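Structure record follows, encoded as structure tokens.
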Amino acid sequence: MSGFEADVERLSARAADFGGLVERAARISAELERAVGGAPWGADGVGRSFAAAHVGPAAETAERVRGLAERLAEAGGKFGEAARRYRASDSAAADAVRD
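Residue numbering for the sequence shown follows our numbering, starting at 682 and increasing by one per position.
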């Protein structure tokens, strides 16, 4: 026996929390894309200068936040699957002891 144990209920509950994080990251990404998508800084010389300096980094940031939402969804799914597997293993072990 390794002494390892997992709190399956807590793991399962925390896995479910990722849904809210995914929604929040996606919402932030969409808001950022809307904010910079319409070129609110204008088309005059100052606006073009601002765009030259900031549009690229803003687009990169939006892409990273969108990617973060995807990675959070993946991580939440993996934690949920781990909880299901732990629960199934515990159940199988209990059945084996009873038999």
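Don't be surprised by glycine CBs; every beta carbon is placed ideally from N, CA and C. Everything numeric in this text was worked out from a predicted model, so none of it was measured.
Let me make sure I understand the geometry here. Which of the options has the alpha-carbon closest to that of residue i?
i: E741; options: R768, S730, A711 and G723; result: A711
i: L713; options: R745, V689 and G761; result: R745
Could you check where the alpha helix (DSSP H) with residue i kicks off and where it finishes?
i: F731; result: G726 to R779
i: E712; result: V689 to G718
Within the 7 Å Cβ cut-off, does residue i reach chain C?
i: A706; result: This model lacks chain C altogether, as it is built from one protein chain only.
Can residue i and residue j be called in contact, C-beta distance under 7 Å?
i: A696; j: G757; result: yes
i: A707; j: A750; result: yes
i: A773; j: L692; result: no
i: A754; j: V717; result: no
i: V689; j: R779; result: no
Assign residue i to one of two classes, buried (16 or more other C-beta atoms within 10 Å of its C-beta) or exposed (fewer than that).
i: A733; result: exposed
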